[in-house]
Amino acid sequence: FRFLNEVLVWHAQGEELAIFPAIEAVAPSVAEAYERDHRGLDAAFDALSAAVSARDALETARATAAFKFHLDLHLGKEDAHLYRLMRERVSVPDQGKAVGIMASTVPQDRFPELVAWMFPLLGHDDRENMTRIWQMVMPPPAFARAKQLIQKAIGNDWAELTRRIPTLA
3 FRFLNEVLVW HAQGEELAIF PAIEAVAPSV AEAYERDHRG LDAAFDALSA AVSARDALET
63 ARATAAFKFH LDLHLGKEDA HLYRLMRERV SVPDQGKAVG IMASTVPQDR FPELVAWMFP
123 LLGHDDRENM TRIWQMVMPP PAFARAKQLI QKAIGNDWAE LTRRIPTLA
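Numbering (our numbering), first residue to last: 3 to 171.
In structure tokens, the structure reads:
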């Protein structure tokens, strides 16, 4: 759960640095609610961390449920609203720039750990989307390394990803 929170912190920092300003330019006042969600997730993590540290099984279960509920709602809203606005109203070059800035919030020495953790958790559509975004924003040598990490992380599912993105093969 601590690594999950690190990933969420990188995600929030990246959105606040790059995605929110891009959205505000085309849909003013939208990002504020998502920033509030980020602060709520920070508080939910603090409650979960305190419960785990106290070794209180019941409070840990409650805090885990609350954290998951908040996270699921937040990510669902982002998919349905925030990133839809991004796709529909922000130019592709500006989307690429924003995603590049967002990706830079992940410490490079932790990137292999992130890929190994995240890609097995994603479904085929999200893997394809994430891979295409990285292919668009990463310099070719960096993407070649990312591609190797993805292939290792998803094992036999690599065939499906290369079917969807033939240029990976």
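Positions of the beta carbon are idealized from the N, C-alpha and C atoms, including for glycine.
Check whether the Cβ atoms of residue i and residue j lie closer than 7 Å to each other.
| i | j | result |
| --- | --- | --- |
| tryptophan 2 | valine 101 | Nothing in the structure corresponds to residue 2, since the chain is present only between 3 and 171. |
| histidine 72 | leucine 50 | no |
| phenylalanine 121 | isoleucine 152 | yes |
| alanine 68 | alanine 35 | no |
| arginine 129 | leucine 77 | no |
| phenylalanine 22 | alanine 33 | yes |
Which word fits residue i, buried or exposed, when buried means at least 16 other C-beta atoms lie within 10 angstroms of its C-beta?
| i | result |
| --- | --- |
| valine 94 | exposed |
| glutamine 110 | exposed |
| lysine 154 | exposed |
| aspartate 39 | buried |
| glutamine 97 | buried |
| alanine 148 | buried |
| threonine 169 | exposed |
| alanine 20 | buried |
| phenylalanine 5 | exposed |
| glutamate 17 | buried |
| alanine 146 | exposed |
| leucine 10 | buried |
I'd like the span of the alpha helix (DSSP H) that includes residue i, first residue to last.
| i | result |
| --- | --- |
| threonine 164 | 160-166 |
| glutamate 61 | 59-79 |
| isoleucine 21 | No alpha helix (DSSP H) holds isoleucine 21; DSSP gives it neither H nor E. |
| leucine 87 | 85-91 |
Which class does residue i belong to by DSSP, given the choice of helix, strand or coil?
| i | result |
| --- | --- |
| threonine 107 | coil |
| glycine 125 | coil |
| methionine 138 | helix |
| serine 55 | helix |
| proline 114 | helix |
| phenylalanine 3 | coil |
| valine 101 | helix |
Nearer than 6 Å: is that true of the beta carbon of residue i relative to any heavy atom of the ligand NAD?
| i | result |
| --- | --- |
| aspartate 111 | Here there are no bound small molecules, and the ligand NAD is not part of this structure. |
If you measure from the beta carbon of residue i to each beta carbon in chain D, is any gap under 7 Å?
| i | result |
| --- | --- |
| tyrosine 85 | Reference to chain D is not applicable here, since this structure consists of a single protein chain. |
Checklist entry - Quick check: the region 47-64 against the region 14-31, are there 3 or more CB pairs under 8 Å? => result no
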